[in-house]
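Undergrad: The structure follows.
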Amino acid sequence: MKQLILILFGLSIQAVAVAAELKQVHIAGTVNYSETVALPENATFKVRLIDVSIRDAKSKVISEQSMKVSSQPGFYQLPVDLKYIKPSNNYEVEAFIKVDGKNWFLNTSVQPAFTKETQDRVDLKLDFVK
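Heads up: the sequence shown runs through residues -19 to -1, 1 to 111, numbered per mature numbering (1 follows the signal peptide of the UniProt record, and there is no 0).
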(Lines of atoms letter the chains of each structure in order from A and count residues from 1; the text may use other names and numbers.)
(Lines give C-alpha, C1' and ligand atoms only; values in the text may rest on other atoms or scores of the structure.)
Protein backbone atom coordinates (compact mmCIF):
# COMPACT_ATOMS: atom_id res chain seq x y z
CA MET A 1 0.00 0.00 0.00
CA LYS A 2 2.84 2.39 0.87
CA GLN A 3 4.42 1.65 -2.47
CA LEU A 4 1.20 2.45 -4.31
CA ILE A 5 0.84 5.75 -2.44
CA LEU A 6 4.43 6.70 -3.27
CA ILE A 7 3.91 5.85 -6.94
CA LEU A 8 0.69 7.88 -7.10
CA PHE A 9 2.38 10.78 -5.31
CA GLY A 10 5.26 10.66 -7.80
CA LEU A 11 2.85 10.63 -10.73
CA SER A 12 0.93 13.60 -9.34
CA ILE A 13 4.16 15.60 -9.01
CA GLN A 14 5.02 14.81 -12.64
CA ALA A 15 1.52 15.86 -13.74
CA VAL A 16 1.88 19.20 -11.96
CA ALA A 17 5.29 19.75 -13.60
CA VAL A 18 3.84 19.04 -17.06
CA ALA A 19 0.89 21.37 -16.40
CA ALA A 20 3.28 24.13 -15.33
CA GLU A 21 5.26 23.71 -18.54
CA LEU A 22 2.11 24.02 -20.63
CA LYS A 23 1.34 27.41 -19.10
CA GLN A 24 4.34 29.07 -20.74
CA VAL A 25 4.28 30.41 -24.29
CA HIS A 26 6.68 32.53 -26.31
CA ILE A 27 6.28 35.76 -28.23
CA ALA A 28 8.79 35.77 -31.05
CA GLY A 29 9.70 37.93 -33.99
CA THR A 30 12.36 39.77 -35.92
CA VAL A 31 14.03 43.02 -34.92
CA ASN A 32 15.24 45.61 -37.41
CA TYR A 33 16.50 49.10 -36.77
CA SER A 34 16.04 52.04 -39.10
CA GLU A 35 19.56 53.39 -39.58
CA THR A 36 22.58 51.65 -41.04
CA VAL A 37 24.66 52.47 -37.99
CA ALA A 38 27.46 50.20 -36.88
CA LEU A 39 26.67 49.39 -33.28
CA PRO A 40 29.50 49.10 -30.76
CA GLU A 41 30.21 45.72 -29.16
CA ASN A 42 28.59 46.76 -25.89
CA ALA A 43 25.19 47.44 -27.49
CA THR A 44 22.38 45.52 -25.80
CA PHE A 45 18.88 44.74 -27.01
CA LYS A 46 16.04 44.52 -24.50
CA VAL A 47 12.53 43.36 -25.29
CA ARG A 48 9.63 43.14 -22.88
CA LEU A 49 5.96 42.37 -22.74
CA ILE A 50 4.00 45.01 -20.84
CA ASP A 51 0.42 45.25 -19.63
CA VAL A 52 -0.97 48.63 -20.77
CA SER A 53 -4.54 48.10 -19.57
CA ILE A 54 -4.59 50.84 -16.95
CA ARG A 55 -4.46 54.32 -18.48
CA ASP A 56 -2.32 56.99 -16.84
CA ALA A 57 -0.42 54.37 -14.86
CA LYS A 58 3.02 52.89 -15.25
CA SER A 59 2.89 49.77 -17.44
CA LYS A 60 3.42 46.47 -15.66
CA VAL A 61 6.27 44.36 -17.04
CA ILE A 62 5.11 40.78 -17.59
CA SER A 63 8.32 39.39 -19.10
CA GLU A 64 11.63 40.78 -20.33
CA GLN A 65 14.81 39.59 -21.93
CA SER A 66 18.17 41.22 -22.71
CA MET A 67 20.76 40.09 -25.22
CA LYS A 68 23.75 41.31 -27.18
CA VAL A 69 23.09 42.82 -30.58
CA SER A 70 24.95 40.92 -33.28
CA SER A 71 23.38 41.79 -36.63
CA GLN A 72 20.09 42.64 -38.22
CA PRO A 73 17.61 41.36 -38.68
CA GLY A 74 17.80 39.99 -35.17
CA PHE A 75 15.47 37.44 -33.70
CA TYR A 76 13.98 37.29 -30.23
CA GLN A 77 11.92 34.75 -28.36
CA LEU A 78 10.37 36.08 -25.15
CA PRO A 79 9.01 33.52 -22.66
CA VAL A 80 5.64 34.45 -21.15
CA ASP A 81 3.92 32.77 -18.21
CA LEU A 82 0.23 32.55 -19.12
CA LYS A 83 -0.86 32.95 -15.50
CA TYR A 84 -0.12 36.69 -15.92
CA ILE A 85 -2.19 37.06 -19.12
CA LYS A 86 -5.84 38.07 -18.80
CA PRO A 87 -8.09 38.05 -21.89
CA SER A 88 -9.62 41.40 -20.91
CA ASN A 89 -6.26 43.21 -20.68
CA ASN A 90 -4.17 44.90 -23.38
CA TYR A 91 -0.54 43.94 -23.95
CA GLU A 92 2.27 45.44 -26.00
CA VAL A 93 5.82 44.53 -26.86
CA GLU A 94 8.37 47.26 -26.36
CA ALA A 95 12.02 47.08 -27.29
CA PHE A 96 15.12 49.20 -27.35
CA ILE A 97 18.83 49.08 -28.04
CA LYS A 98 21.08 50.73 -25.48
CA VAL A 99 24.74 51.67 -25.60
CA ASP A 100 26.43 52.70 -22.36
CA GLY A 101 23.02 52.96 -20.68
CA LYS A 102 21.60 55.36 -23.27
CA ASN A 103 18.81 54.60 -25.73
CA TRP A 104 19.99 54.52 -29.34
CA PHE A 105 16.95 52.79 -30.85
CA LEU A 106 13.42 52.07 -29.67
CA ASN A 107 10.05 51.15 -31.10
CA THR A 108 8.01 54.33 -31.47
CA SER A 109 4.80 52.66 -32.63
CA VAL A 110 2.41 50.46 -30.67
CA GLN A 111 3.16 46.75 -31.04
CA PRO A 112 0.15 44.87 -29.64
CA ALA A 113 0.51 41.30 -28.40
CA PHE A 114 -1.98 38.53 -27.66
CA THR A 115 -4.59 39.82 -30.09
CA LYS A 116 -6.34 37.79 -32.79
CA GLU A 117 -4.02 39.36 -35.36
CA THR A 118 -0.69 39.00 -33.58
CA GLN A 119 -1.12 35.90 -31.38
CA ASP A 120 2.51 35.04 -30.57
CA ARG A 121 4.39 36.79 -33.39
CA VAL A 122 5.41 40.46 -33.18
CA ASP A 123 8.00 41.84 -35.61
CA LEU A 124 9.68 45.03 -34.43
CA LYS A 125 11.18 48.04 -36.20
CA LEU A 126 13.25 50.25 -33.93
CA ASP A 127 13.81 53.93 -34.70
CA PHE A 128 17.02 55.87 -34.11
CA VAL A 129 16.70 58.26 -31.15
CA LYS A 130 20.30 59.09 -30.20
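Quick reminder that beta carbons are idealized off the backbone N, C-alpha and C, glycines included.
Please work out which residues of its chain come closer than 7 Å, Cβ to Cβ, to A94, disregarding the five sequence neighbours upstream and downstream, and give them in chain order.
TA: For A94, where only same-chain residues beyond five positions count, the Cβ hits under 7 Å are I8, L30, Y72, E73, V74, V103.
Undergrad: To the nearest angstrom, how far is the alpha carbon of F110 from that of V80?
TA: Before going further, note that residue 110 is Val rather than Phe in the sequence given. One C-alpha to the other measures close to 12 Å.
Undergrad: Taking DSSP as the reference, what is the three-state secondary structure of L59?
TA: In the structure shown, L59 sits in a strand (DSSP, three-state: E or B).
Undergrad: What residue range is occupied by the uninterrupted beta strand (DSSP E) comprising D32?
TA: Taken as a continuous stretch (DSSP letters only), the beta strand (DSSP E) holding D32 covers 25 to 32.
Undergrad: Can you tell me whether K49 is helix, strand or coil according to DSSP?
TA: Correct three-state label for K49: strand.
Undergrad: Could you give the distance in angstroms between the alpha-carbon of Q100 and the alpha-carbon of I35?
TA: Approximately 21 Å, taken between the alpha carbons.
Undergrad: Going by CA-CA distance only, name the one from K106, Y57, G55 that's closest to V91.
TA: Checked all of K106, Y57, G55; the closest Cα to V91 is K106.
Undergrad: Can you grab the Cα-Cα spacing for the pair P68 / D32, in whole Å?
TA: Each residue's Cα considered, the two are about 11 Å apart.
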